[in-house]
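S.K.:
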Amino acid sequence: MRFIDIAETIADGLGVPPRSIIPDEAAAHFTSPFMAMLYGADVPAASDLTREKFGWTPTQRGLLSDLSQGDYLHTRTATDVAATALKPSRRGGPRHPSPAAEL
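Under this note's numbering, the first residue of the sequence shown is numbered 87, with each subsequent residue one higher.
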C-alpha cells in the first residue's frame, strides 16, 4: 500500500485537497526530520508472510476502507475543543490543549 493512497483517503475524509510536498518541506510539515523520513520512505509491505507463517486470514475491512468508513476522521467542532479544554486533567489540574487540538 502506498502512503499517498493513505494520505489521499485521509484528505478526502477531511474534505481537503491532498498535496505533495518536496523533501525540504517535509521536516517542517511533519514536525521532525525523523517523521519526514518515515513518511517519505518507500517501504512496501504485504501480509503474505504473516498469512503463510501464522495461517492468518484477514476478516475485517482493509486500512483504506476502514479510514474512509470509520470514525477516525471525525472533525472536532469549536464546542468539542472548548469542552475538552475545560475538563480537568487526570492529575486534577487544568487541561492545556495542544495547538493540534485547535480548529
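All residues carry an ideal CB built from backbone N, CA and C; glycine is no exception.
None of these values were measured; they are calculated from a predicted model.
Count the other CB atoms within 10 Å of the CB of A209; is the residue buried (16 or more) or exposed (fewer)?
M.R.: Nothing about residue 209 can be reported from this structure: the residues present for the chain run from 87 to 189 only.
S.K.: Quick one, are the C-beta atoms of D91 and L135 less than 8 Å apart?
M.R.: Position 5 of the sequence shown, counted from the start, is the residue given in the question as residue 91. Position 49 of the sequence shown, counted from the start, is the residue given in the question as residue 135. Not a contact, by the Cβ cut-off of 8 Å.
S.K.: Alpha carbons only, please: which of R88, F89, M87, L100 is nearest the one belonging to G156?
M.R.: Against the sequence shown, residue 156 aligns to sequence position 70. Measuring from the Cα of G156, the nearest candidate turns out to be L100.
S.K.: Between which two residues does the alpha helix (DSSP H) carrying T95 extend?
M.R.: For the purposes of this step, residue 95 is identified with residue 9 of the sequence shown, where counting begins at 1. Unbroken alpha helix (DSSP H) run through T95: 89-100.
S.K.: Can you name the start and end residues of the alpha helix (DSSP H) that F116 belongs to?
M.R.: For the purposes of this step, residue 116 is taken as the residue at position 30 of the sequence shown. Taken as a continuous stretch (DSSP letters only), F116 belongs to no alpha helix (DSSP H), as it is neither H nor E.
S.K.: Could you tell me if T95 is buried or exposed, where buried requires 16 or more neighbouring beta carbons within 10 angstroms of its beta carbon?
M.R.: Taking the sequence shown and counting its residues from 1, one reaches residue 95 at position 9. So T95 ends up on the buried side.
S.K.: What is the rounded straight-line gap between the Cα of M121 and the Cα of S106?
M.R.: For the purposes of this step, residue 121 is taken as residue 35 along the sequence shown, with counting starting at 1. For the purposes of this step, residue 106 is taken as residue 20 along the sequence shown, with counting starting at 1. Roughly 15 Å between the two C-alpha positions.
S.K.: May I have the straight-line CA-CA distance separating F140 from P103, to the nearest angstrom?
M.R.: As a position in the sequence shown, residue 140 is number 54, starting the count at 1. As a position in the sequence shown, residue 103 is number 17, starting the count at 1. Cα to Cα, the separation comes out at about 39 Å.
S.K.: Can you check whether the C-beta of A97 is within less than 8 Å of a C-beta belonging to chain B?
M.R.: The structure shown contains no chain B; it is built from a single protein chain.
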